[in-house]
Amino acid sequence: MSTIKRVGVLISGRGSNMASLIEACKQPGYPAEIAHVISNDPDAPGLKIASASNIPTTAIDHKGYKSRQAFEKDLDAALRKANIDLICNAGFMRLLTESFVEAWRDRQLNIHPSLLPAFKGLHTHERAIEAGVKLSGCTVHFVRTEMDSGPIVAQAAVPVLPADTPDDLAARVLEAEHKLYPIALKLVASDETRVENERVVLKSRPTVHGPYISPWIE
Ligand code: GRF
């Protein structure tokens with residue numbers, strides 16, 4: 106039986122995905138616990154949510170550092186001090202250098218609000234609407250140095266409706282994010298996944314190309 110993985114969540118803001126992971130970890134038998142939450146913004150509302158759940162938090166204000174490397178050195182030290190096994194980026198708005206990414210290779214997840222590799226970066230929902238795509242969604246992937254890239258663990262699709270504003274689409278995608286991230290973390294934390302040729306394979310079900318969910322489409 107695998108042990109319960111200690112997860113460090115990196116945030117920069119609201120923290121609703123972090124909150125969904127905190128809730129998921131309360132399920133009996135869930136293979137992970139949120140052991141520490143770190144924000145690069147000391148005013149991130151998510152820090153208060155974590156504290157209210159009695160989860161230790163640390164603010165490491167990137168503005169106080171001269172270089173990305175110096176910021177990441179302290180970030181890495183805080184994660185190691187908390188004995189973190191896996192990192193979940195959840196609305197974490199800092200780009201990470203190769204040395205940090207490689208130090209946590211295949212042990213760091215990110216969630217992005219699009220069906221990657223489409224619409225990497227910011228203003229995802231505006232761009233999805235502008236492009237006229239009929240489906241959008243979200244992706245949980247292992248982190249690589251290139252922004253919003255890396256082996257895909259799981260995706261969820263939602264429709265883009267004709268009258269959608271970017272905020273409407275963001276809200277629909279966010280609902281899917283809150284379902285998807287706990288599913289993806291559960292798979293990774295229970296050692297169900299393996300990265301092979303930069304693709305995620307489910308160890309016990311290598312022929313299943315999942316998970317994906319599309320709760321809005323019958
Ligand atoms: C989410 O849409 C996430 O996919 C993106 O930033 C947003 C963060 O929201 N990377 P929250 O802080 O988890 O509420």
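Under my numbering, the first residue of the sequence shown carries the number 106, and numbering increases by one thereafter.
Heads up, the beta-carbon is just placed ideally off N, CA and C, and yes, glycines get one too.
Rounded straight-line distance, which links the Cα of residue j to that of residue i
i: Leu214; j: Ala268; result: 32 angstroms
i: Ile234; j: Thr108; result: 43 angstroms
i: Ser309; j: Ser172; result: 43 angstroms
i: Thr298; j: Val306; result: 6 angstroms
i: Gly226; j: Asp179; result: 25 angstroms
i: Ala175; j: Ile143; result: 16 angstroms
i: Met198; j: His167; result: 11 angstroms
i: Phe224; j: Arg212; result: 24 angstroms
i: Gly169; j: Phe205; result: 19 angstroms
Nearest to residue i (by Cα), restricted to the options the options
i: Ala124; options: Arg111, Met198 and Pro150; result: Pro150
i: Asn302; options: Ile257, Asn188, Arg173 and Ser241; result: Ile257
i: Ser117; options: Ala276, Ala129 and Thr163; result: Thr163
i: Ala140; options: Pro161, Ile154 and Glu128; result: Pro161
i: Arg304; options: Asp272, Val245 and Ala275; result: Val245
i: Met252; options: Gly169, Thr202 and Gly237; result: Thr202
i: Gly120; options: His283, Val300 and Asp166; result: His283
i: Glu207; options: Ala157, Leu266 and Gly255; result: Gly255
i: Pro248; options: Ala129, His217, Gly237 and Phe176; result: Checking the displayed sequence, the identity of residue 248 turns out to be Val instead of Pro. Ranking Ala129, His217, Gly237 and Phe176 by Cα distance to Val248 puts His217 first.
i: Ala281; options: Gly113, Asn122, Phe176 and Asp211; result: Asn122
i: Val238; options: Pro222, Asp211, Thr250 and Leu266; result: Leu266
i: Leu221; options: Ala259, Thr270, Arg210 and Phe205; result: Ala259
i: Asn194; options: Pro287, Lys153 and Lys186; result: Pro287
i: Ile318; options: Asp272, Pro271 and Leu240; result: Leu240
i: Lys110; options: Pro264, Asp190, Leu274 and Arg232; result: Asp190
Per-residue burial, residue i [other beta carbons within 10 Å of its own, 16 or more giving buried]
i: Asp146; result: buried
i: His230; result: buried
i: Gly196; result: buried
i: His228; result: exposed
i: Ile322; result: Note on Ile322: pLDDT 45, under 50, position unreliable in the model; no value is reported.
i: Ala182; result: exposed
i: His188; result: The identity of residue 188 in the sequence shown is Asn, whereas the question assumes His. By the neighbour-count rule (16 or more Cβ atoms within 10 Å), Asn188 is not buried but exposed.
i: Lys131; result: exposed
i: Ser219; result: buried
i: Leu200; result: exposed
i: Gly134; result: exposed
Cβ separation of residue i and residue j, assumed to be a contact under 8 angstroms, to the nearest whole Å
i: Tyr285; j: Ala262; result: The question names Tyr, but residue 285 in the sequence shown is Leu. Rounded, the Cβ-Cβ distance is 10 angstroms, inconsistent with contact.
i: Leu126; j: Ile192; result: Actually they are not in contact, since the Cβ atoms of Leu126 and Ile192 sit about 12 angstroms apart, beyond 8 angstroms.
i: Ala155; j: Leu290; result: That belief does not hold up - the Cβ atoms of Ala155 and Leu290 are roughly 16 angstroms apart, past 8 angstroms.
i: Val293; j: Gly242; result: No, Val293 and Gly242 are not in contact; Cβ-Cβ is about 19 angstroms, not under 8 angstroms.
Residue i: CB within 7 angstroms of a non-hydrogen atom of the ligand GDP
i: Leu152; result: As presented, the structure is devoid of the ligand GDP, carrying the ligand GRF as its sole ligands.
Cβ of residue i within 8 angstroms of any chain D Cβ
i: Glu297; result: Protein chain content of the structure displayed is limited to a single chain, and chain D is not contained in it.
Which parts of the stretch 128 to 169 are runs of the alpha helix (DSSP H), unbroken and 4 residues or longer, counting only runs that do not cross its ends? Counting whole runs of 4 or more residues, the stretch 128 to 169 contains the alpha helix (DSSP H) stretches 150 to 157.
Taking only runs of the alpha helix (DSSP H) that begin and end inside the stretch 186 to 223, which ones reach a length of at least 4 residues, in chain order? You should have 203 to 208.
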